[in-house]
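Numbering (the working numbering), first residue to last: 125 to 261. Ideal placement from N, C-alpha and C gives every residue a C-beta, glycine not left out. Here the structure is a predicted model, which means the values were calculated and not measured.
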Amino acid sequence: DEIWGNPTAYLEWSARDQAPDHVEAKLLLGGEIDTSWHWGANLVYEQETGGLRESGYEVTGGVSKTILDQRFSVGGEVKVALIDDESDRGNFAEEVLVGPSVQFRPTPNSHIDVAPLVGLTDDSPDAKITILFGWEF
Numbered sequence: 125d126e127i128w129g130n131p132t133a134y135l136e137w138s139a140r141d142q143a144p145d146h147v148e149a150k151l152l153l154g155g156e157i158d159t160s161w162h163w164g165a166n167l168v169y170e171q172e173t174g175g176l177r178e179s180g181y182e183v184t185g186g187v188s189k190t191i192l193d194q195r196f197s198v199g200g201e202v203k204v205a206l207i208d209d210e211s212d213r214g215n216f217a218e219e220v221l222v223g224p225s226v227q228f229r230p231t232p233n234s235h236i237d238v239a240p241l242v243g244l245t246d247d248s249p250d251a252k253i254t255i256l257f258g259w260e261f
């Protein structure tokens with residue numbers, strides 16, 4: 125908590141079989157709002173290295189409240205993504221998804237996150253369900 129938002133930069137190269145590679149850059153932010161309230165935001169830029177050279181610009185944000193002694197929390201998330209390609213730069217497909225989120229910590233080092241989001245725009249998928257198991261070293 126010495127730097128606002130506890131920033132973390134992230135860069136990834138994904139080699140895909142029979143599809144163009146992808147480069148993804150992220151800025152992860154988050155922190156505590158108040159006792160038992162937390163927030164997080166991910167700013168993402170993704171670029172396809174070949175093919176249509178699709179670009180994605182994404183912001184995901186969420187808030188959560190710890191309900192049970194650092195073991196169980198509930199919250200909400202929103203994801204907004206703008207996607208275009210080289211053939212029509214600036215003409216974006218607009219995806220907006222919202223929904224609840226839940227985190228359970230079975231042990232101090234592990235967590236299970238579930239976030240079932242529903243799409244709100246014509247360009248959005250009907251739903252996107254994320255289930256994540258994490259281990260902190």
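- Taking all protein chains shown into account, Ala251 has fewer than 16 neighbouring C-beta atoms within 10 Å of its C-beta and is therefore exposed.
- Asp193 sits in coil when the DSSP states are folded into three classes, being neither helix nor strand.
- A direct Cα-Cα distance of roughly 15 Å separates Phe257 from Ser197.
- In the DSSP assignment, Asn166 is bridged to Leu152 and Thr184.
- According to the DSSP secondary-structure assignment, Pro224 is paired through a beta bridge with Gly200.
- For Trp259, the enclosing beta strand (DSSP E) starts and ends at Ala251 to Trp259.
- The alpha carbon of Glu148 has as its nearest neighbour, out of Phe216, Tyr169, Asp246 and Leu221, the alpha carbon of Tyr169.
- In this structure, Gly175 and Ser188 do not form a Cβ contact; the two beta carbons are roughly 37 Å apart against a cut-off of 8 Å.
- Within a 10 Å sphere around the beta-carbon of Glu218 sit fewer than 16 other beta-carbons, which makes this residue exposed.
- For Ser160, the three-state secondary structure derived from DSSP is coil.
- Shown here for Thr132: same chain residues with a beta carbon closer than 6 Å to its own, the five before and five after excluded, namely Leu152 in chain order.
- By the Cβ neighbour-count rule, Glu126 is exposed, with fewer than 16 other Cβ atoms within 10 Å of its own.
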